[in-house]
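Asker:
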Amino acid sequence: MKTSPPGLPPWVRVPMVLAALALLGGLALSATLRLLYPHSPAVEQLSSGHTEAVEMPWRFWEATSGDRLLLQLQVNPFTSRVWTIIPDDHLAVLRINGQAVPIDKVPLGGLNDWRNGFKIDLSPWLHNGSNELEFVVDNYLGVGGIVFRPVLGWRRLLVFGALLPWLVLLARAFRLNRVQIVILCGSLAVLCCYWSATSWTSRNYDVKLLGESGHIGYVETVAEALALPRPDQGWEYFQPPLYYVAGALVWRWAQWLGINPPEGLQAFAVILWLVFLTASAGTLRLALRRRPDALAVATAAVGLWPDGVINSARIGNDSALCAGAAVASWFMLRWWRSGKRSHFVWMAVFIAASLLCKSSAMVLVAACGGLLAVRLLSNRRRLRVLTDAALAGGIIAAGMVLSLGRNVYYWSHGRMANILDPSVAILDANLRVPNSLRNYLPLDVPVFLSMPWVDSRDDATGRTNFWNYLLRSSLSGEFSFDGTWHRRIAIFWGVALLWLVVLVLVRLFDRPFPLAASWRNMPLTLLGALWLLSILTLRFMHPFSCHQDFRLVYPLLVPFILLCVRQGQMPQRLLWAISLGSAAFFVSL
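With the sequence shown counted from 1, adding 52 to any position gets you the working numbering.
(1) Go to residue 628, then tell me how far its alpha helix (DSSP H) extends in each direction, as first and last residue.
(2) Counting pairs of Cβ atoms below 8 angstroms between the stretch 297–306 and the stretch 346–356, do you hit three or more?
(3) Among all the DSSP beta bridges, which residues are the ones paired with residue 139?
(4) How about residue 265 and residue 287: are their beta carbons less than 8 angstroms apart?
(5) Going by CA-CA distance only, name the one from 109, 117 and 129 that's closest to residue 123.
(6) Using CA atoms only, rank isn't needed, just tell me which of 281, 473, 576 and 451 is closest to residue 422.
(7) In whole angstroms, give me the CA-to-CA distance for residue 91 and residue 220.
(8) Taking Cβ to Cβ, would you say residue 548 is nearer than 8 angstroms to residue 629?
(9) Going by DSSP, what residues sit across from residue 94 in a beta bridge?
(10) Which whole runs of the alpha helix (DSSP H) in the stretch 161–247 are 4 residues long or more, in chain order?
(11) Which residue wins for smallest C-alpha separation from residue 524, given the options 460, 477 and 357?
(12) Can you name, in chain order, every residue of its own chain whose Cβ lies under 7 angstroms from the Cβ of residue 173, other than the five neighbours on each side?
(13) Just curious, the alpha helix (DSSP H) that residue 329 is in, first and last residue?
(14) Roughly how many angstroms separate the alpha carbons of residue 269 and residue 368, rounded to a whole number?
(15) What's the gap between the Cα of residue 395 and the Cα of residue 222?
(16) When you compare the CB positions of residue 231 and residue 180, do they come within less than 8 angstroms of one another, or not?
(17) Is there a Cβ of chain B sitting closer than 8 angstroms to that of residue 478, yes or no?
(18) Please state if the CB of residue 294 and the CB of residue 420 are separated by a distance shorter than 8 angstroms.
(19) Distance, Cα to Cα, residue 519 vs residue 255?
(20) What's the C-alpha gap between residue 595 and residue 602?
(21) Over what stretch of residues does the alpha helix (DSSP H) that includes residue 616 continue unbroken?
(22) Please report how far the alpha carbon of residue 104 lies from the alpha carbon of residue 185, in whole angstroms.
(23) Let me know if residue 593 comes out buried or exposed under the rule of 16 or more other beta-carbons within 10 Å of its beta-carbon.
(24) Taking C-beta to C-beta, are residue 125 and residue 187 nearer than 8 angstroms?
(25) Can you check DSSP and say which residues form a bridge with residue 151?
(26) CB-CB under 6 angstroms to residue 376, same chain, minus the five flanking residues each way: which ones, in chain order?
(27) Look at residue 546 and residue 527 and say whether their C-beta atoms are less than 8 angstroms apart.
(28) Unbroken alpha helix (DSSP H) runs of length 4 or more, entirely within the stretch 492–571: which are they?
(29) Here's a check: name, in chain order, each residue in its chain whose Cβ is nearer than 6 angstroms to the Cβ of residue 138, leaving out the five neighbours to either side.
(30) Relative to the C-alpha of residue 194, which candidate in 116, 161 and 130 has its C-alpha closest?
(31) Taking the C-alpha atoms as reference points, what is the distance between residue 428 and residue 382?
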């Protein structure tokens with residue numbers, strides 16, 4: 053009787069499967085980006101006579117008429133024929149391959165809409181192969197230029213399919229169950245819809261435009277110079293280097309691939325966000341293992357939280373911090389429950405990595421220290437706890453030195469005003485807000501419920517109240533969207549979130565957590581309290597409206613959602629409602 057040969061042991065088979073998924077995901081994403089976002093060499097010919105090769109999107113500083121952009125576009129069968137054009141200030145002429153494209157039927161105001169632009173079907177003029185597009189732009193004031201981006205339509209499925217291997221890979225790594233994977237597949241579809249409708253220049257913070265040294269300037273400097281810039285050379289250069297070094301590798305990969313590097317950085321942001329989502333879902337599974345219904349709604353809430361969808365396609369180190377913090381939290385909870393040293397070491401590694409992405413990760417250091425103190429007081433094997441503390445402390449200290457070492461050096465030489473955030477010294481005075489007790493208590497309910505968006509420069513949107521800004525920015529950041537449909541959904545989000553917060557607070561006082569459950573989930577409780585305390589401290593020490601933005605403490609979302617789903621059916625229904633409203637909101641963009 054023949055016997056089949058024994059299979060590979062798990063310690064060999066599992067890494068092979070994960071490596072295969074990573075390779076497949078990398079190849080699929082590279083091919084998809086190459087097909088959908090081809091690199092487009094361009095030359096500007098300004099009316100002043102200046103001629104220069106430029107990158108898209110096109111930006112220039114001249115208040116003149118008749119400025120021209122000549123763009124070479126390689127078209128393949130998968131290239132969209134419908135494009136979004138965002139002119140700044142006025143698109144006067146569009147020619148393709150020497151033929152004039154009629155733009156007189158563009159919807160009223162579209163040729164001057166520097167925020168949203170207009171969509172136009174170019175299929176009668178584009179052909180497979182090389183095409184030359186000529187834009188003539190009149191600029192009346194400030195910045196001039198053109199954003200030219202494909203409308204993907206059904207091609208979103210290609211983006212979804214390219215990212216799916218990464219989702220499966222991460223789901224296996226964080227041990228998600230099938231229901232969670234299905235839910236996150238739905239979340240990924242929504243993320244792809246938002247990404248395909250959002251240029252890297254839209255709803256972003258501190259990216260590079262016109263030679264400014266934002267996040268992209270930092271990445272580009274590392275990619276081209278193969279060295280870190282001095283912290284005093286640009287307003288984002290004080291940031292810890294890990295995200296920017298990784299971004300430089302992505303930048304070089306995009307250049308080799310033949311796509312616009314910022315498009316590659318957007319893809320990198322989405323992958324980092326998938327790490328955050330899957331690690332957070334893994335943490336929720338540990339906390340809600342015996343409550344599948346609550347786990348499903350918690351996973352959907354994390355995957356479809358409105359501000360999370362917006363954050364997913366943003367270029368910057370926030371997504372890297374969220375990813376590192378989520379993985380560190382997953383290992384933290386596993387260590388707290390199992391006591392395994394391997395979990396503790398991995399937790400320390402990812403805390404150090406988070407510190408190398410953003411100094412906000414000091415919250416993770418504080419949580420680790422607090423848990424160690426509790427474990428030391430409650431555990432008889434104190435020598436083992438002290439040994440673990442020394443090991444983790446060394447790893448975290450190394451991350452802290454690598455993260456802040458440059459800043460300390462330049463601060464000690466008088467070149468930086470602040471070690472953690474020197475940009476505070478140059479913030480716009482219009483961002484400053486009052487700092488009295490009434491700006492913290494109570495919540496301004498009428499403004500919160502009536503204003504769908506918060507604006508960091510407009511008092512009427514509730515920016516002076518800490519809780520108004522924090523709660524509203526947790527839903528849509530400090531960004532606004534056009535259309536009555538989106539405004540109504542945003543108003544509904546505010547009603548549902550306020551109802552949820554009040555309901556949870558009332559039930560917490562009425563029905564406190566059982567002691568056993570509180571002990572088992574202590575890491576998440578401590579992290580939630582510390583993330584909230586950190587943003588309160590930042591707002592109090594530096595009273596600027598932007599210092600109340602929920603993106604600064606986004607990992608707080610996981611403890612908050614866990615708290616909500618433990619309070620009964622009504623909070624769970626409200627979370628489902630916010631999640632479904634989010635899906636409808638972003639799919640319809």
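We put the beta carbon where it would ideally sit given N, CA and C, even for glycine.
Everything numeric in this text was worked out from a predicted model, so none of it was measured.
Answerer: According to the structure data:
(1) 621–639
(2) As far as the Cβ criterion goes, the stretch 297–306 does not touch the stretch 346–356, which means the pair count is below three.
(3) 198
(4) yes
(5) 109
(6) 576
(7) 29 angstroms
(8) yes
(9) 106 and 123
(10) 208–225
(11) 357
(12) 133 and 134
(13) Where residue 329 is concerned, the enclosing alpha helix (DSSP H) stretches over 313–339.
(14) 11 angstroms
(15) 18 angstroms
(16) Not a contact, by the Cβ cut-off of 8 angstroms.
(17) Looking at the structure shown, chain B is missing, and only one protein chain is on hand.
(18) no
(19) 22 angstroms
(20) 15 angstroms
(21) 609–617
(22) 16 angstroms
(23) exposed
(24) no
(25) 148
(26) 402, 405, 406 and 409
(27) yes
(28) Taken in chain order, the complete alpha helix (DSSP H) segments of 4 residues or longer contained in the stretch 492–571 are 497–502, 518–528 and 536–562.
(29) 169 and 199
(30) 116
(31) 21 angstroms
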